Amino acid sequence: MRVYKVKNYDEMSRQAAGIIASMITLNPACVLGLATGSTPEGIYRELIKGYNNGDLDFSEVKSVNLDEYQGLDPNNDQSYYYYMTDKLFNHVNIKKENYHLPNGLAEDAAKECARYDEIIKSLGGVDLQLLGIGINGHIGFNEPSEKLEKDVHLAKLTESTINANARFFKSYDDIPKHAFTMGVRTIMSARKIVLAASGKSKAEIMPAVINGPITTAVPASLLQLHPDVTIIADEDALSLL
Ligand code: F6R
180 MRVYKVKNYD
190 EMSRQAAGII
200 ASMITLNPAC
210 VLGLATGSTP
220 EGIYRELIKG
230 YNNGDLDFSE
240 VKSVNLDEYQ
250 GLDPNNDQSY
260 YYYMTDKLFN
270 HVNIKKENYH
280 LPNGLAEDAA
290 KECARYDEII
300 KSLGGVDLQL
310 LGIGINGHIG
320 FNEPSEKLEK
330 DVHLAKLTES
340 TINANARFFK
350 SYDDIPKHAF
360 TMGVRTIMSA
370 RKIVLAASGK
380 SKAEIMPAVI
390 NGPITTAVPA
400 SLLQLHPDVT
410 IIADEDALSL
420 L
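Those letters in the sequence shown? Residues 180 to 420, per our numbering, in order.
Next up, the structure:
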């Protein structure tokens, strides 16, 4: 695990985007695993800058997102599909047929999980997986638990995650309680992983991720077992380390 401590959110965004940009330059047809949430917004802004100034070409890039809420229409502005088109895909030359997210409206959840697993396999796996981190140590929606799921599955969100998401929804009833997510094996099979973290709210969990015992109670601690993980975190996120 390489840990890069950077000054603030902007520097985290530039550094993480720099790694993704290098991947695209070295392998223009790479498969990116993408995340949503507040953390990667700045990273996506940097990638759009790179595209606009002619340094980056997404025409052969493929992507698979980590997760999607169950029950949200892609046009719902809280869906991860909406987020990705709004914050990245609509601003670069990635082809529509080349980006993938789980279908939150799928009627048969088991079938949808199998379909999404198959897409990831058919692309040959993920070259670079971008991750954020939940304040409870979740990655994707693999929540702290006695046991973790290997493959794409429908996850029940914990109260901690539901509360963390509450700010984006009008009422408690509107907050999704389940999400399709890559499993831990899916994430750990990525050839390279970049985890970005910013802000004081992440300070408490970061020591457990980096130095803590490897435990399903902190799903991100499993990343210690991966041969190629880069953590880019700002001073606030690493303030308790
Ligand atoms: C998002 C995802 C989540 C977030 C995590 C941190 O696709 O899988 O694990 O990365 O909840 O969210 P933010 O960045 O909003 O703090």
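The beta-carbon is built from N, C-alpha and C at its ideal position, and this holds for glycine as well. Keep in mind the model is a prediction, meaning the values are calculated, not measured.
Three-state secondary structure assigned by DSSP to residue i
{"i": "residue 399", "result": "helix"}
{"i": "residue 228", "result": "helix"}
{"i": "residue 324", "result": "coil"}
{"i": "residue 221", "result": "helix"}
{"i": "residue 317", "result": "coil"}
{"i": "residue 279", "result": "strand"}
{"i": "residue 359", "result": "strand"}
{"i": "residue 414", "result": "coil"}
{"i": "residue 301", "result": "helix"}
{"i": "residue 193", "result": "helix"}
{"i": "residue 270", "result": "helix"}
{"i": "residue 388", "result": "helix"}
{"i": "residue 353", "result": "helix"}
Supposed contact pair residue j and residue i - C-beta distance, whole angstroms, cut 8 angstroms
{"i": "residue 405", "j": "residue 384", "result": "Rounded, the Cβ-Cβ distance is 17 angstroms, inconsistent with contact."}
{"i": "residue 359", "j": "residue 247", "result": "5 angstroms"}
{"i": "residue 370", "j": "residue 306", "result": "5 angstroms"}
{"i": "residue 239", "j": "residue 193", "result": "Going by Cβ atoms, the distance from residue 239 to residue 193 rounds to 24 angstroms, so no, they are not a contact pair."}
{"i": "residue 163", "j": "residue 283", "result": "Outside the shown range of the chain, which is 180 to 420, sits residue 163, and nothing can be said about it."}
{"i": "residue 304", "j": "residue 210", "result": "7 angstroms"}
{"i": "residue 374", "j": "residue 280", "result": "Not really, about 20 angstroms apart at Cβ, beyond 8 angstroms."}
Residue i burial status per 10 Å Cβ neighbour count (16 or more: buried)
{"i": "residue 195", "result": "buried"}
{"i": "residue 207", "result": "exposed"}
{"i": "residue 386", "result": "exposed"}
{"i": "residue 291", "result": "buried"}
Proximal residues to residue i (C-beta, below 7 angstroms), its chain only, five neighbours per side dropped
{"i": "residue 253", "result": "260, 261"}
{"i": "residue 324", "result": "395"}
{"i": "residue 220", "result": "266"}
Own chain residues within Cβ distance below 6 angstroms of residue i, not counting five before or after
{"i": "residue 415", "result": "378, 379"}
{"i": "residue 184", "result": "417"}
{"i": "residue 399", "result": "312, 316, 318, 388"}
{"i": "residue 337", "result": "322"}
{"i": "residue 230", "result": "271"}
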